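Numbering (the numbering used here), first residue to last: 1 to 174.
First the structure, in the form of structure tokens, and then the observations on it.
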Ligand SMILES: C[S@@+](CC[C@H](N)C(=O)[O-])C[C@H]1O[C@@H](n2cnc3c(N)ncnc32)[C@H](O)[C@@H]1O
């Protein structure tokens, strides 16, 4: 049982805004890049993929065309958003640091959600989860938005209109 109390508002009460905040189509290019990495770097063709911190399932909505995906997120509301756009994917509520599915996958993927691992211990635990779910010769891919070595302060903006409502935001990465 994963407590929902610690999940940010954006991933709970405000989750119905998620796809206006970060529209699925914006993920197409990077999802293609991650797919290519899994396919090209695997010793044998990857079929099953576990994503930890899969959120609204935006990457998965493209990657599911190439892999059988199991999507894990700690927020029930975000799992619901993902289920709506990826009804055929398996969804599991779980914490990437502790979840144990007792099976192996051809690949394990943690996208931007890895940024929520704010201590070395948390990061270690998430990487261990990836390790115990990855078959021998499989690939674990961690893709944070930023890494210290290349970080540049920046501002950006985003958001779109939807049915009867819209959202716009400014982001400061400093
Ligand atoms: C930015 S969203 C991920 C969006 C995702 N990359 C996509 O393609 O839609 C970040 C997600 O990480 C999840 N998250 C944060 N900490 C987590 C943890 N410890 N275990 C599992 N999920 C976590 C949040 O609930 C949220 O849904």
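From the three backbone atoms N, C-alpha and C, an ideal C-beta is built for every residue, glycine too.
Just so it is clear, the structure is predicted and the values come from calculations on it, not from any experiment.
Exposed unless 16 or more other CB atoms sit within 10 angstroms - verdict on residue i
{"i": "residue 63", "result": "buried"}
{"i": "residue 145", "result": "exposed"}
{"i": "residue 139", "result": "buried"}
{"i": "residue 69", "result": "buried"}
Cβ distance (whole Å) where residue i is taken to contact residue j below 8 Å
{"i": "residue 58", "j": "residue 22", "result": "7 Å"}
{"i": "residue 20", "j": "residue 160", "result": "6 Å"}
{"i": "residue 155", "j": "residue 141", "result": "At roughly 28 Å, the Cβ-Cβ gap does not stay under 8 Å, so residue 155 and residue 141 are not in contact."}
{"i": "residue 46", "j": "residue 67", "result": "6 Å"}
For residue i, three-class secondary structure by DSSP
{"i": "residue 26", "result": "helix"}
{"i": "residue 79", "result": "helix"}
{"i": "residue 21", "result": "helix"}
{"i": "residue 31", "result": "helix"}
{"i": "residue 68", "result": "strand"}
{"i": "residue 148", "result": "helix"}
{"i": "residue 40", "result": "helix"}
{"i": "residue 90", "result": "strand"}
{"i": "residue 154", "result": "strand"}
{"i": "residue 173", "result": "strand"}
Inset, instruction - List in chain order the residues whose CB is within less than 5 Å of at least one heavy atom of ligand 1. - result: Result (chain order): 11, 53, 55, 56, 58, 59, 73, 74, 75, 78, 95, 96, 111, 112, 113, 116.
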